Structures are given as structure tokens and as C-alpha cells.
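Those letters in the sequence shown? Residues 0 to 54, by the working numbering.
For reference, the structure discussed in these notes is given below.
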Amino acid sequence: MDSKNSTAPDPHPSTEERPCACYEGVVYIGHMVEEDGEETEIFEAIPCSRCSDNR
0 MDSKNSTAPD PHPSTEERPC ACYEGVVYIG HMVEEDGEET EIFEAIPCSR
50 CSDNR
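Next up, the structure:
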């Protein structure tokens with residue numbers, strides 16, 4: 000068996016090489032919350048784990 004040629008897909012590039020999805024160091028997360036039987040969409044501002052230390 001030849002172990003030099005692999006059929007496995009190439010690994011994903013490092014996350015450090017990808018651009019951030021933040022806006023001025025903040026990531027906005029939206030989720031649904033049920034209050035009194037009604038669904039409400041809530042957005043939270045979370046500091047970007049990649050950029051917040053650099054600012």
C-alpha cells in the first residue's frame with residue numbers, strides 16, 4: 000500500500016488567516032427568547048475574541 004498519496008481532503012486553513020466577522024471589535028449575536036409565550040429576537044454585543052485585545 001502506497002502511503003504517499005492520500006485521498007483525504009486538504010485541512011482547513013488556520014483561523015488566523017481568515018478575516019474577522021466583527022464590526023469595530025464587536026460581534027453581534029441574535030437569538031430568540033420566549034417571554035410570556037411570545038417570541039422576541041434579542042441581539043447582544045459581544046467583544047471580538049480576536050480583535051478586542053488589539054484595540
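By construction, the Cβ of each residue, glycine as well, lies at the ideal position given by its N, Cα and C atoms.
From a predicted model like this one, the values you see are computed outputs, not experimental measurements.
Residue i vs residue j beta-carbon contact at 9 Å
i: isoleucine 45; j: valine 32; result: no
Residue range of the unbroken beta strand (DSSP E) whose run includes residue i
i: glutamate 38; result: 37–46
Closest residue to residue i among the options (Cα-Cα distance)
i: tyrosine 27; options: Ser48, Asn4, Ser5; result: Ser48
i: cysteine 50; options: Ser5, Pro18, Asn4; result: Pro18
Residues bridged to residue i [DSSP beta-bridge criterion]
i: glutamate 33; result: Glu38
Residue i versus residue j: straight-line alpha-carbon distance, rounded
i: glutamate 37; j: glutamate 43; result: 19 Å
i: cysteine 21; j: glycine 29; result: 14 Å
i: isoleucine 41; j: glutamate 34; result: 11 Å
i: serine 5; j: glutamate 23; result: 42 Å
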